[in-house]
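Novice: Residues 106 to 581 (this note's numbering) are what the sequence shown spells out, left to right. Can you keep this structure in mind? I'll have questions shortly.
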Amino acid sequence: MLKLLENISRIGSVEMLVSRGAPFLSLVRMRRIFVFLAILSFTHTALGNPVETIAISKNLDGPVADPPVICSSHFRSFPLNFALFSGTPTCSSENEADGPDMVTTISDGDTPPAFTIDSTSNSAGPKPPTNLTATTRGATVIELSWYSPVIGPVTGPDENVEYLVDPSITGYRIEVSSTGAEGPWTTMVANTKSSARFHNLIFAPETTRYFRISAFNEYGESDPSNVAEATTTAPSVPDSPIDFRSEASPFTIRLSWKPPLETGGAAITGYRIQFSPHVSIGLADATESWSDLANLGPTTTTYTERNLEPLTGRNYRIFTINRLGESKPVHTQNVTIEAATPTVPNPPTELNAEWNSQESGIGLTWRHTTYNGGLDLTGYRIEVSSNAGTSWSHLKELAPEQNTFLHFGLPINTTYFYRIRALNVRGPSRPSNVATATTGTTTTVTPPSSPTDLTASPSGSDAIILRWAEPSNTGG
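Next comes the structure, spelled out in structure tokens:
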């Protein structure tokens, strides 16, 4: 209304027509009389009851597109028609009598109305919601959804009739009946206190219920909507956990989740988490091999895997469990981040040991470390045990680019255990996995391999010193 009065105060020439047999009045540059009548038009009469609150905002075509026209807070009043000229947007209210019917047009002084709103209301409350539907979501959840109340109809310049969502809705009442569409009705939710157009309700398995809703605004409550019916299903396994996430630090990955909305009609008994170390980062590969990481109670919603190395990749999946079984899994992936300060490297991975009869030795292979600790690698250290890992001995240190080694000169029919560490100036990494192999029952003697790294350097005026590395294979 203040916006309208602002527009009125700028008008130098206006025309007003008072209907129902009143004489025609032409008033020129009489602002005070005009403003007085405008106030009468937009305030309560002695009856004082609002017809319906309407809030429309629409940019008009042409030179008055900015600012938008706003037509709001129309009440029963004297039948009055405003025509504001000089390109000023107009909000017009036309009545034949002080009754419940109202026609509102929005236009400027030179073009047809951009909108015509024909609003009829027998009460101050909103119209009822429509198209209420009830959908079963498993053994315990029924989801309600509906269309919001509308205002209108709205007729545009192309004569198409449309309806606008009522912006005054503040909440909904949800009623339920266990006997049928005729009731009796019990209030299940007194007021949702939200304009959201859906709501989930929990019931026992194999339960049939009937629903209806009504809308609230500041003036009151609407009539009920149509009736919708739904029946929950028989008990089943639960749904998967919701919002399964992971957060990484250099040495840990923290997992979090929310309980499923649908429990399958039976109490949740726990959660099972599995991991795979061979994940392609950013891809959840369901064909990977999985290992159990943790079995947790029904109220737990977080878990942290600790003692990881920086830049360690993980793929996780989690199941919800009830007495009928477990849900489908949901996945998340992450990689521990690089440490802020240099550390020892990550250990090498996938160490493998195998007897090689041709070379008469145990061959070792491994994957290079995935993280060097923020410093250059200085090499790898191989450790060996002949007593199943009770004690370990230093076997060999190798260059950082090497990932194979042959352990030869061993007695027949003897089992050895191996592990390997990556090295930088901060120290050795944690050990890799342990690999084991057994020498053969016979040893095939073959020619040795050649010495390596031969060098020659002078020694005085009459001598040359030769140096070389021993062969990797003595031939047995």
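Just so you know, even glycine gets a beta-carbon here, dropped at the ideal spot from N, CA and C. Owing to the predicted nature of the structure, the values given are computational and were not obtained by experimental measurement.
Contact defined as beta carbons within less than 8 Å: I believe I378 pairs with R419. What is the distance between those atoms, to the nearest angstrom?
Specialist: Here residue 378 refers to the residue found at position 273 of the sequence shown. Here residue 419 refers to the residue found at position 314 of the sequence shown. Actually they do not touch by this definition, with Cβ atoms about 11 Å apart.
Novice: State buried or exposed for W573, treating a residue as buried only when at least 16 other CB atoms are found within 10 Å of its CB.
Specialist: Within the sequence shown, numbered from 1, the residue matching residue 573 stands at position 468. When all chains shown are included, W573 counts as exposed.
Novice: If E248 sits next to N305, beta carbons under 8 Å apart, how far is it from one beta carbon to the other, in whole angstroms?
Specialist: Position 143 of the sequence shown holds residue 248. Position 200 of the sequence shown holds residue 305. Going by Cβ atoms, the distance from E248 to N305 rounds to 5 Å, so yes, they are a contact pair.
Novice: Measuring only the C-alpha atoms, how far is T541 from N578?
Specialist: One-based indexing of the sequence shown puts residue 541 at position 436. One-based indexing of the sequence shown puts residue 578 at position 473. Straight-line Cα distance between these residues: approximately 20 Å.
Novice: On the three-state DSSP scale, how would you describe S564?
Specialist: Here the question's residue 564 lines up with position 459 in the sequence shown. DSSP places S564 in coil when its eight states are reduced to three.
Novice: Name the two residues that bound the continuous beta strand (DSSP E) containing W471.
Specialist: The count along the sequence shown starts at 1 and reaches residue 471 at position 366. Taken as a continuous stretch (DSSP letters only), the beta strand (DSSP E) holding W471 covers 466-472.
Novice: From Y376 to S341, what distance separates their C-alpha atoms?
Specialist: Position 271 of the sequence shown, counted from the start, is the residue given in the question as residue 376. Position 236 of the sequence shown, counted from the start, is the residue given in the question as residue 341. Cα to Cα, the separation comes out at about 16 Å.
Novice: Can you tell me whether DSSP reads I517 as helix, strand or coil?
Specialist: In the sequence shown, residue 517 corresponds to position 412, counting from 1. Looking at I517 - three-state DSSP - the assignment turns out to be coil, as it is neither helix nor strand.
Novice: Check whether the Cβ atoms of L571 and T544 sit closer than 7 Å, and answer yes or no.
Specialist: In the sequence shown, residue 571 corresponds to position 466, counting from 1. In the sequence shown, residue 544 corresponds to position 439, counting from 1. In this structure, T544 does not lie closer than 7 Å to L571 by Cβ.
Novice: When you compare only the Cα positions, how much space is there between N508 and R350?
Specialist: Position 403 of the sequence shown holds residue 508. Position 245 of the sequence shown holds residue 350. Distance between the alpha carbons of N508 and R350: 36 Å.
Novice: Looking at the structure shown, is F147 part of a helix, part of a strand, or coil, going by DSSP?
Specialist: The sequence position of residue 147 within the sequence shown is 42, counting from 1. The predicted model places F147 with a pLDDT of 41, which falls under 50 and marks its position as unreliable, so this point remains unresolved.
Novice: Measure from the alpha carbon of G325 to the alpha carbon of each residue in S253, L500, Y277, then state which is nearest.
Specialist: Counting from 1 along the sequence shown, the entry for residue 325 is found at position 220. Closest by alpha carbon: Y277.
Novice: Could you give the C-beta distance for P563 and P576, rounded to a whole number, given that I count them as a contact under 8 Å?
Specialist: Looking up residue 563 in the sequence shown gives position 458. Looking up residue 576 in the sequence shown gives position 471. About 26 Å separates the two Cβ atoms, so there is no contact after all.
Novice: Can you tell me whether D271 is buried or exposed? The criterion is at least 16 other CB atoms within 10 Å of its CB, across all chains shown.
Specialist: Within the sequence shown, residue 271 is the residue found at index 166, counting from 1. Classification of D271: buried, given that the 10 Å Cβ count is 16 or more.
Novice: Hey, L480 and P505 are a contact pair by Cβ (cut 8 Å); roughly how many whole angstroms apart?
Specialist: Within the sequence shown, the letter at position 375 stands for residue 480. Within the sequence shown, the letter at position 400 stands for residue 505. L480 to P505, Cβ: 11 Å. No contact.
Novice: Look at P365 and D397 and say whether their C-beta atoms are less than 7 Å apart.
Specialist: Taking the sequence shown and counting its residues from 1, one reaches residue 365 at position 260. Taking the sequence shown and counting its residues from 1, one reaches residue 397 at position 292. No, Cβ-Cβ distance for P365 and D397 is not below 7 Å.
Novice: Report whether the distance from the Cβ of F513 to the nearest heavy atom of the ligand ATP is below 6 Å.
Specialist: Absence of the ligand ATP from the depicted structure is noted, as is the absence of any ligand whatsoever, leaving it without description.
Novice: Taking only the alpha-carbon atoms, compute the straight-line gap between K298 and I426 and give it to the nearest angstrom.
Specialist: What you label residue 298 is simply residue 193 of the sequence shown in a count that begins at 1. What you label residue 426 is simply residue 321 of the sequence shown in a count that begins at 1. Roughly 34 Å between the two C-alpha positions.
Novice: At which residue ranges does the region 446-507 contain complete alpha helix (DSSP H) runs of 4 or more residues, listed in the order of the chain?
Specialist: none
Novice: To the nearest angstrom, how far is it from the Cα of S566 to the Cα of L500?
Specialist: The sequence position of residue 566 within the sequence shown is 461, counting from 1. The sequence position of residue 500 within the sequence shown is 395, counting from 1. Using only the alpha carbons, I get a separation of about 39 Å.
Novice: Counting along the chain, where does the beta strand (DSSP E) carrying I307 start and finish?
Specialist: Position 202 of the sequence shown holds residue 307. Counted as a single uninterrupted DSSP element, the beta strand (DSSP E) harbouring I307 occupies residues 303-307.
Novice: Any idea if Q438 is buried or exposed, counting beta-carbon neighbours within 10 angstroms, 16 or more meaning buried?
Specialist: Along the sequence shown, read from residue 1 onward, the residue named residue 438 stands at position 333. So Q438 ends up on the buried side.
Novice: Please classify P533: does DSSP put it in a helix, a strand, or coil?
Specialist: Along the sequence shown, read from residue 1 onward, the residue named residue 533 stands at position 428. Reduced to three states, the DSSP call for P533 is strand.
Novice: My output table needs one value for A444: the three-state DSSP class, helix, strand or coil.
Specialist: The residue you call residue 444 lines up with position 339 of the sequence shown. It is coil, neither helix nor strand.
Novice: What is the rounded straight-line gap between the Cα of T407 and the Cα of E431?
Specialist: Along the sequence shown, read from residue 1 onward, the residue named residue 407 stands at position 302. Along the sequence shown, read from residue 1 onward, the residue named residue 431 stands at position 326. Between T407 and E431, the C-alpha separation is close to 18 Å.
Novice: What is the DSSP secondary structure of K363, reduced to helix, strand or coil?
Specialist: Taking the sequence shown and counting its residues from 1, the one referred to as residue 363 is at position 258. DSSP places K363 in strand when its eight states are reduced to three.
Novice: Hey, out of T417, H436, R428, H512, whose CA is closest to E464's CA?
Specialist: On the sequence shown, position 359 is the one that residue 464 refers to. Per the Cα distances, H512.
Novice: When the Cα of A241 is compared with those of A309, A527, P254, which residue comes out closest?
Specialist: In the sequence shown, residue 241 corresponds to position 136, counting from 1. The sequence shown places Thr at residue 241, not Ala. Comparing Cα positions, the closest option is A309.
Novice: Buried or exposed: where does F321 fall if 16 or more other Cβ atoms within 10 Å of its Cβ makes it buried?
Specialist: Translated into the one-based positions of the sequence shown, residue 321 becomes position 216. Counting Cβ neighbours within 10 Å, F321 comes out buried, since at least 16 surround it.
Novice: Using 10 angstroms around the beta-carbon of V449, count the other beta-carbons present and answer buried if the total reaches 16, otherwise exposed.
Specialist: Residue numbering aside, residue 449 sits at position 344 when the sequence shown is read from its first letter. Under this definition V449 is a buried residue.
Novice: Expressed to the nearest angstrom, what Euclidean distance is found between the alpha-carbon atoms of P329 and S319?
Specialist: Position 224 of the sequence shown holds residue 329. Position 214 of the sequence shown holds residue 319. Roughly 5 Å separates the two Cα atoms.
Novice: With respect to the beta strand (DSSP E) encompassing R317, which residues constitute its N-terminal and C-terminal limits?
Specialist: By one-based count along the sequence shown, residue 317 stands at place 212. 313-322 is the extent of the beta strand (DSSP E) around R317.
Novice: Excluding five sequence neighbours on each side, which residues of the same chain lie with their C-beta closer than 7 Å to the C-beta of G484?
Specialist: The sequence position of residue 484 within the sequence shown is 379, counting from 1. So the list reads E502, L503, A504, P505, L528, once near-sequence residues are dropped.
Novice: For the beta strand (DSSP E) containing S287, name the first residue and the last one.
Specialist: Working through the sequence shown from its first residue, we reach residue 287 at position 182. The residue you asked about is not Ser; residue 287 is Glu in the sequence shown. It is not in any beta strand (DSSP E) - E287 carries neither H nor E in the DSSP assignment.
Novice: Please state whether the Cβ-Cβ distance between G478 and R531 is less than 7 Å.
Specialist: Counted from its first residue, the sequence shown places residue 478 at position 373. Counted from its first residue, the sequence shown places residue 531 at position 426. Yes.
Novice: Is it buried or exposed for T232, if we count other Cβ within 10 angstroms and need 16 for buried?
Specialist: Locating residue 232 in the sequence shown gives position 127, where the first residue counts as 1. At residue 232 the sequence reads Lys, which differs from the Thr that was named. Label assigned to K232: buried.
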